[in-house]
Amino acid sequence: MSSERVDGSSRVDGYGRLDRSRTLRFTFDGQPYTGHPGDTIASALLANGVVVLGSSVKLGRSRGISASWTEDATGLIQIEEPFPEPMLLASAVELVDGMVVRGLNGQGRLAEVPDAARYDRRHHHVDTLVVGAGPAGLRAALAAARRGERVALIDDRPEAGGSLTGSETIDGRSSRHFVASVLADLAEYPDVLHLQRTTAFGHYDDGFVLALERRTDHLPATEAGNRSRQRVHRIRAQRVVVATGAHERPIVFADNDRPGIMLAASARDFLHRYGVLVGREVVLFTSHDGAYDTARDLAAAGASVTVVEARPQGPALEGVRAIPGARVIPGARVISTLADQEHQDGRIGAAVVIDAEGHEFFVNCDALLLSGGWNPTAHLFSHVRGALAYDSQLGAFKPAQSVPGTEVVGAAAGEGIQPGLVIWRVPGPRERQFVDVQRDSTVADIARAVGAGLRSVEHVKRYTTIGTAHDQGKTSGMIAAGITAELMNRPIEELGTTTFRPPYVPVAFAALAGRERGELFDPARKTALHEWHVKAGAVFEDVGQWKRARHYPKPGEDMEAAVLRECAAVRTGVGILDGSTLGKIDVQGPDAPALLDLMYTNMMSSLKVGSVRYGVMCGVDGMVIDDGTVVRLAEDRYMVITTTGGAAKILDWMEEWVQTEWPHLKVKLASVTEQWAVFPVVGPRSREVIGEVFGDLDVSNEAFGFMTWRDTELGGVPVRLARISFSGELAYEVNVNAWYAEAVWLKLLEAGAKHNITPYGTETMHVLRAEKGYPIIGQDTDGTVTPQDLGMGWAVSKKKPDFVGKRSFARAENQNPLRKQLVGLLPTDESTKLPEGSQIVEFAADGVLPAPPVPMLGHVTSSYRSAALGRPFALALLKGGRERIGDVVHVPVGEQLVAAQITSAVLVDPEGARRDG
Amino acid sequence: MTEQPPGAHLPEHADYLWRNPEPKKSYDVVIVGGGGHGLATAHYLAKNHGITNVAVLERGWLAGGNMARNTTLIRSNYLWDESAAIYEHALKLWEGLEEDLDYPILFSQRGVLNLAHTEQDVRDSVRRVEANKLNGIDAEWLGPDEVAKICPIVNISDDIRYPVQGATYQPRAGIAKHDWVAWGFARRADEAGIDLIQDCEVTGFETDGDSVTKVRTSKGDIAAGKVVLCAAGHTSVLLDQLGVRAPLQSHPLQALVSELLEPVHPTIVMSNAVHVYVSQAHKGELVMGAGVDSYNGYGQRGAFHIIERQMAAAVELFPVFARAHLLRSWAGIVDTTPDASAIVGHTPYENVYLNCGWGTGGFKATPGVGWCLADTVANDRPHPYIAPFSLDRFVSGALVDEHGAAAVAH
Amino acid sequence: MARTLQRSHPLQSYESAFAALPEGISVKAEPYLSMTDLRLPEDVDGPLGKALPREPGGWVSTADGLIVWLGPDEWLVLSGSRGPGELEADLRDLARPNQGSAVDVSAQRISLRVRGRHARDLLSGGCSIDLHPSVFQNGRSAQTTLGLTGVVLLALGADGDDFRILVRSSFAGYLAEWLVDAATEYR
Amino acid sequence: MQLIHCPWCGPREEVEFHYGGQAHIAYPEYPSALSDESWAHYVFFRDNTKGEFAERWSHSSGCRRWFNAVRDTRTYTFLKTYKIGEVAQ
Ligand SMILES: Cc1cc2nc3c(=O)[nH]c(=O)nc-3n(C[C@H](O)[C@H](O)[C@H](O)COP(=O)(O)OP(=O)(O)OC[C@H]3O[C@@H](n4cnc5c(N)ncnc54)[C@H](O)[C@@H]3O)c2cc1C
Ligand SMILES: NC(=O)c1ccc[n+]([C@@H]2O[C@H](COP(=O)([O-])OP(=O)(O)OC[C@H]3O[C@@H](n4cnc5c(N)ncnc54)[C@H](O)[C@@H]3O)[C@@H](O)[C@H]2O)c1
Ligand SMILES: Cc1cc2nc3c(=O)[nH]c(=O)nc-3n(C[C@H](O)[C@H](O)[C@H](O)COP(=O)(O)O)c2cc1C
Ligand SMILES: [Zn+2]
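Order-wise, the sequence lines are chains S, U, G and B.
If you read the first sequence in full-length UniProt numbering, its first letter stands for residue 1, the second for the next number, and so on.
If you read the second sequence in full-length UniProt numbering, its first letter stands for residue 1, the second for the next number, and so on.
If you read the third sequence in full-length UniProt numbering, its first letter stands for residue 1, the second for the next number, and so on.
If you read the fourth sequence in full-length UniProt numbering, its first letter stands for residue 1, the second for the next number, and so on.
Here you go:
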């Protein structure tokens, strides 16, 4: 093939698979350049003669492109437009029109504006997943498809074919034909998923592979549509075929980090894919036959090629000698390089070669290509703990055993890689011999590590940082191991390699977050009345995943004012709350009473049908985990009410006992949390409202006593009412199938209007219950509090032989008189609202806080302003609290010490006179 | 050539770290486990008590366990007095450690924000801040605006699923370079004549009544006057050999890093509710973690869905992270306890000392626990700071429960 | 008793968003169905026992609705004609002598129908089970997760393009949001 | 990212399951008869086996059934899952 250099660039005619009829514009470091569809930024830069991209992180040395795909260790760029993205590889970013790109000096920069792109996921199930669409992967995929399997074939490059450039032949045909015909065959099978631009980045147990598809970046903005920018494919495969090929291995010598030094096959790749000739005067330094194709092809494209062959002789030498435009220097090595004099930017100008006789001389060049052999790309095999073993023929580690469900084929298994002479480095000044070019780590660094006493490759890695950069040592890992072994004088197989860890290539955080952002970050659970609350101007509070109305401010009201108003309304008139988030569990079966007796601290079997009882549940450690009311619906049926936050946990907890510990109990549990909408109607006027709405029902105290329930109906819909009070006021809890939530709620509001019925939120509910000393589990407790600590010894049955947690009450610590107990606290100034969470200390007579450490007596768990008391009050957990009622303690608030008197936790209506109206 | 980015120039390592001796037949003290805790204990045995006939036996490479894997957060703002005391003791030691070890450890006191997202978070946070202050630990409660002043990239807007309600702030908290810390301790211990023996797995014990006479290792039997177990995630495996039970469960805990980025994140941010925590290490990589994988595991690897969820949390809290890249993920094996506090001190064997159960948060304790454990071994009575962390507490019920009220335990 | 109270649906406000979905995806909130959670010992026989799908992950249609397998001793019985209370009472009469249980859960979940040639793709964006029609065809069901919420998923039809999703009412808004967002791709 | 075989629903993703710790720890018949120490062992102490470990799982997002499994804690490989009441062979 004859070829001409396109004027002013390193583009050659007749090569590459670009659409040269179209021109794309972009800038690099502020300079305008052009390229063509099909280019990567690397190929376009090289085509424009841009060789130096940036500088290295530690030494500030010039860095260029060292490979044509993701194994490149140095060609790092920052995209600024269309959207800033840090640290990408010029070789792996496809060029689109209008890109603004700049080089990097070792660190990327994050965008300051939010990324509006969409990211998503797909789950797949296949019989065979093939990773890599090179010749090995294509064959494996086709074979699987022909067996009738469900197949996925994924490959990270824009085009299938892998290492095939099109210039080689397969089964007598050009490899390009081979690729096209396999793809055409595969396309005939409906259950074959074929994805390019899709990188398998992690391989996990049971055939699970995660792959990232880059879907839109290569498209002009007008073509991307609403497609997600990137997609994580989560593929479950019966069989994973790893056909990921191999990474070429460089050889280390002095000043081997200059721009213009590149892996040999990459230069060939640049030529065949992009029509870029990386140099006119090329030196190829190799030690195996495999690299000769590069020499041949580059020479054919018009380069003069000097092959520095480390082996003194070999059958293939004659072949390379026959290449027109190439010369070979056998038994020679490149020992260092010189900078180009003209450009003065550190790029390569000459290779210093030592020949078999020991003569040193320069070979001028504008590209120095390296090939010390190939390292099978075994990452995905290693991710699933596949063991690698050193193959001294290849000078590389390759899969050594079989891992069930995983097969490695092609170059990834070491197949087809031509053995040669294994050399890691040539002798020379160690501090200028770069091993990890991105991290600026040299042979001298390895030598220092070994000298310091380090004996493990893992230590050497951490001491030198080799392999920890963007490329994760794709090409440097093996030579680092080789050189370390050499310096330690130990066999490399004993030393091993560092661990391959996911991801195989860097993956954007947002791609992994997928659509779990903003509103979809976590489900917001809503009650049937949610829209009503929104319209009523409610301010919401997150309680677990639930959105709960916290208060309903009137214009001009802040939370405090709204809550005082809502509280006053409940205690003097009537209020209504959406309590639908409470957990509800239907407990059914002949052994339902027995189960509840085991779960609750108090007796539930003795509860009468038609009645309701408050109960406390503990963990086996005797600490309170939940509380709520229990409604006995029938001899064999209860409804258990849990806290909002505890609902799922408590159902699971009970299920666990029933299924694993007491499967003989004939009892079944079902969640009915969303089934029932629950509206406490609370306050002295509640009887009138309920009486009016449910006219058929006798709502008098005699007929419908405290802690009982009644079934009734409204507008043809069954409704259950219960006399339960979480505020100490007369109250009726209205329970109805949530379909009718809004209708019933509106009826109650309608009937309540004349009593100025006031919807109230969770904050008011909290104040009202706190005034009565009712704890909120999770707020007034923290997992270290027993029922006795809460002053609920009365709810702990002495009669039952056992219940969950009972045995723990007898432990030494539970008898400690200094356990923290729930008490009330009244700030003596009658005006300070103690911040919740405040700590409590002994009263300091001089009003001055002693120097730390100051012994703490407990802390404020709940604190509010009380409309009923006309002053702020608090609940607290206090050491030996109940014995100390009447004492005054101090609470540090900011710089102040606030005095507070310890009281009983029950502050409003301690006689319970109000609950019956 | 361009100016070098911040963090590019880290101090040089020492040219000499340690010998690689063959084990002797016998030692006064044998420390099992060459992680941070084992190495720190060795250092303080030598430094504070002049005890140097000591071996640290490490089954793999020195400090290759959790010490090599942790996200290096150091803070002392724990809730309970017992925890605050030991962690604050540790923090004070951290503040002088570089000098003590004569080794760069890149201890950077950049402060930690523990975000609160719900009303209950706020209560718990205030409770902890107030407790910290009374214990003499620097702590503040900050509103969302103040959070943004300290870490401008935190999303404090109201239109996220769990808006930031505020945060606790401990200015003295920080990060350090984990490997270098280990190497600093190791170098000092080696210098003092302590034998650091790698690739030496303890496989069993020879006992005489209620004392251990020898440890069996992959490099032969070694007689021991006293034995200190510092095996972190593997403690149960050793205790099983001694017939001692401890309430430990070993779980995988994962972490990850991004590529090197220009400085964007000046402090440490932890979020319990939105479950992620982040700092930016010296070189420029974002270092992140979340909670443990649910099941027991000794595999030093975890499941990816944990990382995906954590990335979602990260992008939610720090929108600028959207196009940062996950570069590497890995896992350690952490030994957790029922009350999320460590177990340190005596065992039923009179000459065997236990140090375990640090779970997801023992890196910060490294100098503190090393100091106290050395003191305990030297004087054969629990140092007051570790006395509350005895194994007995699970029988008496005197737990130090850092679950409920404290922040994420890292 | 004539019913005079109006019902309201958690997804009322999504009607227009569903109507505006791109071609190839249709999402509809289904009418109110009575549902009862039925528990019976695994070995129970009799007329009811025979009517129940026994194989894990199956559903069958009945004269007035369908029955979905939820667990080895648990089924969800749906009825289009009987009222919630009536359905529960009927089933409870059958369950009780067998020491089983029946619980009205009509408002616990809502039902969505997702159809169209992109339906399977759309769901596989957040559902980890194999939805391929060779595996998950008419008559199959699964309790699993979709996005971040639990669902009961039913396969209808033979082509893998017709599904019914039962989701807890409190999560319905989230799921609707999730579906509408997922459909953006096809706009 | 295990694929766990629910004894009823078949293979499902790990995220659908809830881990329940060591299996076959029976609730003591007479807790009150136990010493503080034995009780503490029941409440807090579980084996932490490195190797094959019998443990409990619940298919919490699926059929909500608890079951037992034998899993190798070194490799995480599930060797077997079986229903409550059955024994692992
Ligand atoms: C991902 C991750 C993030 C973390 N983040 C933080 C954090 O931000 N802040 C914080 O404070 N803590 C953190 N931690 C916890 C912290 O790492 C540990 O608590 C701490 O390192 C434990 O002490 P260690 O250093 O001695 O343990 P390790 O380093 O694990 O040391 C134990 C050593 O014992 C060896 N060993 C085990 N068995 C034997 C045997 N039979 N014979 C010989 N040797 C043996 C092991 O090989 C190991 O080297 C994190 C942990 C992880 C995994
Ligand atoms: N001359 C030599 O010494 C030498 C060396 C190596 C290979 N070869 C030859 O090259 C050919 C190799 O064929 P092959 O099919 O094994 O490999 P290949 O390199 O042709 O194809 C592998 C493909 O997998 C892709 N890939 C790698 N990792 C991936 C990932 N994680 N996710 C998605 N895609 C990924 C690669 O980009 C590539 O497209 C063989 O013919 C072999 O003989 C020769
Ligand atoms: C604080 C910290 C920062 C790290 N930074 C990097 C990094 O920049 N690049 C990298 O490849 N690995 C980094 N690592 C991870 C290590 O490479 C390695 O994965 C970890 O020590 C666990 O070892 P293993 O993966 O060999 O099991 C870092 C680890 C820690 C703890
Ligand atoms: Zn199941």
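Each residue gets a CB set at the ideal place from its N, CA and C atoms; glycine is no exception.
Note that this is a predicted model, so its numbers are computed, not measured.
If you draw a straight line from the Cα of Gly297(U) to the Cα of Gly80(G), it is about 49 Å long. When the beta-carbon positions are compared, Glu729(S) and Pro684(S) come within less than 8 Å of each other.
Burial state of Arg490(S) is exposed, judged by a 10 Å Cβ sphere holding fewer than 16 other Cβ atoms.
Contact check for Pro399(S) against Ala356(S) fails: the beta carbons are separated by 8 Å or more. Using a Cβ distance threshold of 8 Å, Arg231(S) and Asp155(S) do not count as a contacting pair. Between the segment 102 to 115 of chain U and the segment 253 to 262 of chain U there are fewer than three C-beta pairs closer than 8 Å, too few to call the two in contact. Under the three-state reduction of DSSP, Tyr30(B) is assigned to coil, being neither helix nor strand.
Of all residues in the segment 187 to 221 of chain S, only Phe201, Gly202, Tyr204, Asp205, Phe208 and Leu210 place a beta-carbon less than 9 Å from a beta-carbon of chain U.
Secondary structure of Asp43(G) (DSSP, three-state): coil. Within the model, the alpha-carbon separation for Leu897(S) versus Leu849(S) is close to 7 Å. Annotation for Met488(S) indicates a beta carbon at 7 Å or more from all heavy atoms of ligand 1. One finds Pro86, Met87, Gln107, Gly108, Arg109 and Leu110 in chain S with Cβ atoms closer than 9 Å to the Cβ of Leu261(U), taken in chain order. Each residue's CA atom was taken as its position, placing Ala770(S) and Arg871(S) some 13 Å apart.
Three or more Cβ pairs closer than 8 Å define a contact, and the segment 185 to 195 of chain S falls short of that threshold against the segment 167 to 177 of chain S.
Neighbourhood of Thr128(S) in chain B, by CB distance below 7 Å: empty, with the nearest CB roughly 16 Å away. In this structure Glu655(S) is buried. Its beta-carbon is surrounded by 16 or more other beta-carbon atoms within 10 angstroms. Cβ contact annotation for Tyr189(S) (same chain, cutoff 6 Å, sequence separation greater than five): Ala145, in chain order. Remark: the C-beta of Gln418(S) is in contact range of ligand 2, defined as less than 7 Å to any heavy atom.
By the beta-carbon neighbour count (other beta carbons within 10 angstroms, threshold 16), Val135(G) is exposed. Closer than 9 Å at the C-beta level to chain B, one finds these residues of the segment 124 to 141 of chain G: Ser128 and Ile129.
Counting C-beta atoms within 10 angstroms of its own C-beta, Gln165(U) has 16 or more neighbours from the protein chains shown and is therefore classed as buried. Rounded to the nearest whole angstrom, the C-alpha separation of Gly100(G) and Gly556(S) is 56 Å. Here the distance from the Cβ of Ser163(S) to the nearest heavy atom of ligand 2 is below 7 Å. Taking a cut-off of 8 Å for Cβ pairs, the segment 493 to 506 of chain S and the segment 728 to 742 of chain S do not touch, as fewer than three such pairs fall below it. For the 8 Å CB-CB criterion, Phe381(S) and Val242(S) form a contact. Residue range Asn66 to Arg69 is occupied by the alpha helix (DSSP H) that includes Met67(U). If you check the CB distance, Arg82(G) and Asp93(G) do not come in under 8 Å.
Between Val352(U) and Ser250(U) the beta-carbon gap is near 20 Å, outside 8 Å, which marks them as no contact. Pairwise C-beta distances place the segment 278 to 296 of chain S out of contact with the segment 82 to 89 of chain S, as fewer than three of them are shorter than 8 Å. In this structure, Asn814(S) has its beta carbon at no less than 7 Å from each heavy atom of ligand 1. Between the alpha carbons of Trp80(U) and Ile137(U) lies a gap of roughly 12 Å. By the beta-carbon neighbour count (other beta carbons within 10 angstroms, threshold 16), Met559(S) is exposed. Residue environment for Ala350(S): buried (at least 16 other C-beta atoms within 10 angstroms of its C-beta).
Among the bridge pairs identified by DSSP, Met99(S) is matched with Phe26(S).
At a threshold of 7 Å, Ala398(U) does not count as near ligand 2, since its beta carbon sits no closer than that to any of the ligand's heavy atoms.
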